[in-house]
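Asker: In the working numbering, the protein residues as written are 32 to 788.
Each residue gets a CB set at the ideal place from its N, CA and C atoms; glycine is no exception.
(1) Could you give the first and the last residue of the continuous beta strand (DSSP E) run that contains residue 418?
(2) Let me make sure I understand the geometry here. Which of 668, 692, 587 has the alpha-carbon closest to that of residue 595?
(3) Does residue 117 come out as helix, strand or coil in the three-state DSSP assignment?
(4) What number of angstroms, rounded off, separates the C-alpha of residue 502 from the C-alpha of residue 515?
(5) Whole angstroms are fine: how far does the CA of residue 364 sit from the CA of residue 160?
(6) Would residue 375 pass as a contact of residue 102 if the rule is Cβ separation under 8 Å?
(7) In the DSSP output, what is residue 260 paired with across the bridge?
(8) Name the DSSP bridge partner or partners of residue 763?
(9) By a C-beta neighbour count over all protein chains shown, 10 Å radius and 16 as the cutoff for buried, is residue 198 buried or exposed?
(10) The ligand GDP and residue 388: does any heavy atom of the ligand fall closer than 7 Å to the residue's C-beta?
(11) Determine the direct distance from the alpha carbon of residue 383 to that of residue 174, and round the result to whole angstroms.
(12) So, with DSSP's three-state summary, where would you put residue 552?
(13) Indicate whether the contact test is met: 3 or more Cβ pairs, each with one atom in the stretch 471-483 and one in the stretch 209-225, closer than 8 Å.
(14) Considering only the beta carbon of each residue, do residue 333 and residue 312 sit closer than 8 Å?
(15) Nearest CA to the CA of residue 147: which residue from 138, 132, 140, 156?
(16) Identify, in the order they occur along the chain, each residue of the same chain with its Cβ nearer than 6 Å to the Cβ of residue 286, setting aside the five sequence neighbours on each side.
(17) Could you pull out every residue in the same chain whose Cβ sits closer than 6 Å to the Cβ of residue 241, ignoring the five residues on either side in sequence?
(18) Please list, in chain order, all residues of the same chain as residue 371 whose beta carbon is under 8 Å from its beta carbon, the five residues on each side excluded.
(19) Just curious, the beta strand (DSSP E) that residue 461 is in, first and last residue?
(20) In terms of DSSP beta bridges, what is residue 484 paired with?
(21) CA-CA distance, residue 517 and residue 582?
(22) Any idea what DSSP makes of residue 88, helix, strand or coil?
(23) Report the residue from 386, 407, 640 whose alpha carbon sits nearest the alpha carbon of residue 395.
(24) Could you tell me which residues DSSP puts in a beta bridge with residue 603?
(25) At the level of alpha carbons, what is the spacing between residue 575 and residue 754?
(26) On the DSSP bridge assignment, give the partners of residue 24 in chain order.
(27) When DSSP labels each residue in this structure, what does residue 309 get in the three-state scheme?
(28) Going by alpha carbons, who is nearest to residue 684 out of 698, 229, 48, 667?
(29) Could you give the distance in angstroms between the alpha-carbon of residue 490 and the alpha-carbon of residue 183?
(30) First and last residue of the alpha helix (DSSP H) that includes residue 779?
(31) From the DSSP secondary-structure annotation, give me the bridge partner or partners of residue 667.
(32) According to DSSP, is residue 505 part of a helix, a strand, or is it coil?
(33) Looking at the secondary structure, which residues open and close the beta strand (DSSP E) in which residue 561 lies?
(34) Could you have a look at residue 152 and say whether DSSP puts it in helix, strand or coil?
(35) Please report the residue range of the beta strand (DSSP E) in which residue 223 lies.
(36) Within 10 Å of its beta-carbon, does residue 651 have 16 or more other beta-carbons around it, so buried, or fewer, so exposed?
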């Protein structure tokens with residue numbers, strides 16, 4: 032009806048083929064190739080008769096015919112079009128079809144005179160693959176008829192998914208008329224791949240109805256997402272629609288033609304009998320009645336005023352049918368313009384098959400979609416499809432997208448996933464199972480490894496594990512090996528500021544003490560306290576507070592040297608001077624000391640005492656030199672036991688070699704403690720002995736707690752360990768400062784009158 036309607040529009044248009052009336056003879060192929068071949072042969076025989084009748088004009092013989100046949104429209108299926116096109120091509124008869132989509136028909140060596148207004152299934156397959164990609168459906172089944180149409184579609188699908196992430200779970204071929212056992216086996220094969228939820232189908236509507244019916248009988252009505260070829264939407268199989276809710280299919284891109292639909296619904300059965308007998312038969316079938324002369328007497332006769340029922344759905348794929356007529360008309364119009372300048376001449380009437388083919392190849396016109404239509408190099412129509420989704424509730428196909436130069440689509444039914452294997456967790460890699468690259472097992476990587484991906488020929492990321500080694504660590508997503516983070520006592524740690532505050536306070540107090548001592552250098556109190564040894568003690572205390580700053584920056588070789596020196600020398604300088612002081616007090620109040628003082632009175636003078644303290648300090652310097660020789664200072668990385676981080680440390684400060692630098696200062700502290708105990712009962716007027724005793728007792732307690740903690744904690748939290756070590760040293764310095772110098776500073780500042788006593 033669409034072709035006849037279009038033909039009438041052309042004949043009523045004075046701008047197209049003036050003086051020429053196009054006539055269409057319609058025959059039925061019944062979708063059977065042998066029937067179509069028979070009709071084609073009869074058509075060719077009739078064409079020869081008409082041509083001969085036309086040629087008799089030149090011989091003077093009378094004739095009532097002055098028209099000719101120029102081409103064939105149809106058939107509507109690939110299976111029927113293939114033999115028909117081969118036959119018509121032998122006689123140079125151009126054929127334009129509106130529905131067959133087999134890629135085989137694009138072979139112009141075999142079918143040079145075949146044209147079609149719809150694209151090859153190669154593009155329909157591409158549209159399907161784009162839908163699969165958009166929905167991330169990677170594991171699909173394919174079922175097709177075992178004929179030229181289905182096999183060509185399968186070959187195109189198989190070829191096009193080779194370079195994609197899509198793979199087939201199962202491929203099923205079914206014969207043209209499958210029996211029940213074949214249907215059962217096909218459905219069982221589909222269900223055996225339970226993760227392949229998407230089925231691409233290139234089968235006849237009758238086969239499709241049997242398949243989905245079997246699926247429904249087994250209770251899997253909503254299990255599959257069906258994607259069907261362009262034949263689905265025209266199916267009238269009622270049982271099929273119970274199972275395919277949400278299914279997708281394709282038709283040639285076409286806009287609704289409201290004027291045609293209005294005219295179609297006005298055509299009566301009586302008019303159809305003389306206009307289009309096939310439409311008359313359709314009206315009789317729709318109204319369950321029989322035409323006059325029909326042998327089926329079980330149905331009542333049809334009323335001649337019957338029209339198309341309102342419930343009848345007009346299939347949207349109509350423009351491809353209209354374009355077949357338009358293509359012939361515009362090709363003939365171009366030939367008439369070129370050969371006859373818009374009139375009717377003999378050259379135009381005698382168009383050869385080759386000439387008609389050339390005009391068809393170059394034809395171009397605006398179709399009912401308001402698109403420019405022309406045949407491509409393979410004499411196929413434009414690759415444009417409307418994507419339809421079936422709505423089970425409304426029982427209609429709705430347009431949800433368009434395929435035209437890669438347009439996108441809406442999704443299918445629900446949230447269906449069709450994957451052979453789910454994505455692996457971040458710390459696992461894919462172990463491909465079998466030959467299907469979309470099926471794998473997830474295997475955990477070893478500790479401190481990342482998952483790497485290699486793009487294969489089908490664009491799939493195949494993952495493997497890669498160890499990051501000892502110098503790198505896997506990121507939280509297990510994708511990149513990052514350098515192992517380093518940590519050290521720095522200003523980035525909150526508690527460092529507390530340690531630094533203590534050290535800074537100590538430095539300031541030490542400098543103030545130095546200044547007050549220097550300002551009151553000649554006073555009685557300062558001279559009585561032993562100016563030289565007191566200055567030496569203050570230098571040691573100052574070095575103790577500075578030790579914190581050597582620990583608060585990123586370790587370098589120079590800083591490692593300073594750490595060793597300050598660790599050993601600060602204590603040695605302090606307690607060498609303190610030891611000399613306590614020994615002096617002990618000698619003064621000891622009977623043996625009193626006798627020695629009479630003989631060696633000069634030993635109690637400041638200079639000999641200072642020299643003795645320096646000699647005691649030199650011993651530590653000698654030990655430090657041995658330490659440097661045995662283990663040169665350098666920066667080491669120590670891996671934490673609890674988390675992946677490398678602590679930057681100075682070699683020698685974390686091992687038993689540290690004893691070399693600390694053993695001697697500890698010995699000095701013990702000696703100071705011994706003498707402090709001995710002089711604890713000196714006369715009350717000699718208060719410095721008590722101050723020294725308090726200082727060394729406290730220092731001994733700090734050493735007992737600090738040094739073992741430092742040595743044991745070598746790989747847990749080095750930053751906290753160093754902070755505690757620095758804080759312990761600073762507290763030691765503050766105790767010395769307050770215990771030994773606090774009382775004197777108090778007198779100098781607040782009781783200056785006592786400074787003369």
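Answerer: Working from what's here:
(1) Counting along the chain, residue 418 sits inside the beta strand (DSSP E) bounded by residues 416-422.
(2) It is 692.
(3) If DSSP states are grouped into helix, strand and coil, residue 117 belongs with the helices.
(4) So the two alpha carbons sit approximately 6 Å from each other.
(5) Residue 160 and residue 364: Cα-Cα distance of roughly 40 Å.
(6) No, the Cβ-Cβ distance between residue 375 and residue 102 is not below 8 Å.
(7) For residue 260, which the question treats as bridged, DSSP gives no partner whatsoever.
(8) BP columns for residue 763 are empty, so no partner.
(9) Counting the other CB atoms within 10 Å of its CB gives residue 198 a total of 16 or more, which places it among the buried residues.
(10) This structure lacks the ligand GDP; in fact it carries no ligand of any kind.
(11) Residue 174 and residue 383 have their alpha carbons spaced roughly 43 Å apart.
(12) Three-state DSSP puts residue 552 in coil, outside helix and strand.
(13) Short answer: they don't touch.
(14) No, these two residues do not count as a Cβ contact at 8 Å.
(15) Checking every option, the nearest Cα to that of residue 147 belongs to 132.
(16) Correct list, in chain order: 400.
(17) Excluding sequence neighbours, residue 241 sits near 214.
(18) Answer for residue 371: 378, 379, listed in chain order.
(19) 459-463 is the span of the beta strand (DSSP E), which, as asked, contains residue 461.
(20) Looking at the DSSP assignment, residue 484 forms a beta bridge with 494.
(21) Their backbone Cα atoms lie some 15 Å apart in a straight line.
(22) At residue 88 the pLDDT is 41, less than 50, meaning the model places this residue with poor confidence and gives no usable figure here.
(23) Out of 386, 407, 640, the CA that lies nearest to the CA of residue 395 is found in 407.
(24) Residue 603 is not bridged to any residue.
(25) Across the structure, residue 575 and residue 754 are spaced so that their CA atoms are roughly 14 Å apart.
(26) Residue 24 is absent from the structure shown; the chain starts at 32 and stops at 788.
(27) If DSSP states are grouped into helix, strand and coil, residue 309 belongs with the helices.
(28) Sorting 698, 229, 48, 667 by C-alpha distance to the C-alpha of residue 684 places 667 at the top.
(29) Per-residue confidence for residue 490 stands at a pLDDT of 49, beneath the threshold of 50, marking its modelled position as unreliable; the derived number appears in the next sentence. If you draw a straight line from the Cα of residue 490 to the Cα of residue 183, it is about 24 Å long.
(30) For residue 779, the enclosing alpha helix (DSSP H) stretches over residues 773-781.
(31) For residue 667, which the question treats as bridged, DSSP gives the partners 680.
(32) The answer is strand: DSSP assigns residue 505 an E or B state.
(33) Per DSSP, residue 561 is not a residue of any beta strand (DSSP E), being assigned neither H nor E.
(34) Residue 152: helix per DSSP, three-state reduction.
(35) Not the beta strand (DSSP E): residue 223 falls in the alpha helix (DSSP H), residues 211-223.
(36) Residue 651 is buried by the Cβ-count criterion.
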